[in-house]
Amino acid sequence: MVAAERKTDLTTSRNRRVHTARNFWAGLLFGAGMFSVIEQSIFHFFLQWHHFYEGNGPQAILTGEGIYQVIGWGLTVLSLWVAVDLARRKAFWPARFFGSALIGGGVLLLFDSLVFRLLLGLHTIRATGELIFYESLWLGTAAFLFLLGWSVLRNASKDAA
0 MVAAERKTDL TTSRNRRVHT ARNFWAGLLF GAGMFSVIEQ SIFHFFLQWH HFYEGNGPQA
60 ILTGEGIYQV IGWGLTVLSL WVAVDLARRK AFWPARFFGS ALIGGGVLLL FDSLVFRLLL
120 GLHTIRATGE LIFYESLWLG TAAFLFLLGW SVLRNASKDA A
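Read in numbering that gives the first Met the number 0, the sequence shown has 160 at position 161, and its numbers run on one by one without any break.
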């Protein structure tokens, strides 16, 4: 029994090394997808601070929200499909997946802030006079998630060695 367990451990370890990049990308997509869904649920629906696209009336608002929701769920489902395939191959690496998911959440918040809000003028955080506070909090959260995910990935790589 011990020999069979050791063989499985060696197989899993080898498979994780072979599929390191797939574990990373699955986690990154999962983090971006889930953080977009969470962000939309909290800030768009519950708090109603803003919408993804606020121009041209209620139909445009609903269309923008729908597109944003579909993209978030699409990324999440795609990442889980890859994760299930990795698990089937005995190559799923939970620490690497979780670390890259945190990075994915940080990248989403950074992309949202820099591209959608600052570059394109869409998706403002909150229509108040203190935008710098909310934008700083948003970017700080992005940096925190990115650094936390990077730390988890570093520790996962040390554990594999």
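Note that the Cβ used here is the ideal one computed from N, Cα and C, for glycine as well.
- Judged by pairs of C-beta atoms under 8 Å, the region 138-153 does not touch the region 75-89, as fewer than three such pairs exist.
- By the 16-neighbour rule on beta-carbons within 10 angstroms, Arg21 is buried.
- The three-state reading of DSSP puts Phe91 in coil, since its state is none of H, G, I, E or B.
- Exclusion of the five residues before and after Met33 leaves Thr75 as the residues of its chain whose Cβ lies within less than 6 Å of its Cβ.
- Sequence-distant Cβ neighbours of Phe97 in its own chain, meaning closer than 7 Å and more than five residues away, are Gly26 and Val151.
- Between Phe42 and Leu101, the C-beta spacing is not below 9 Å.
- Apart from sequence neighbours up to five positions away, the residues of its chain that approach Leu85 with a beta-carbon distance below 7 Å are His18, Arg21, Asn22, Ala25 and Phe91, ordered along the chain.
- For the set Glu129, Ser99, Gly103 and Glu134, the Cα lying nearest the Cα of Phe115 is the one of Glu134.
- Assignment of Trp80 by DSSP, reduced to helix, strand and coil, places it in the helix class.
- A straight-line Cα-Cα distance of about 37 Å links Trp48 and Asn154.
- For Ser99 against Gly148, the beta-carbon gap comes to about 6 Å, under 8 Å, which counts as contact.
- In the assembly as shown, Arg16 is an exposed residue. Its beta-carbon has fewer than 16 other beta-carbons within 10 Å.
- Taken through DSSP and simplified to helix, strand or coil, Asn22 comes out as helix.
- By the Cβ neighbour-count rule, Val69 is exposed, with fewer than 16 other Cβ atoms within 10 Å of its own.
- Around the beta carbon of Leu118, a 10 Å sphere encloses fewer than 16 other beta carbons of the protein chains shown; the residue is thus reported as exposed.
- Here Gln58 carries a helix assignment [DSSP, helix/strand/coil].
- The C-beta distance from Trp72 to Val106 rounds to 18 Å, too long to fall under 8 Å, and the pair is not in contact.
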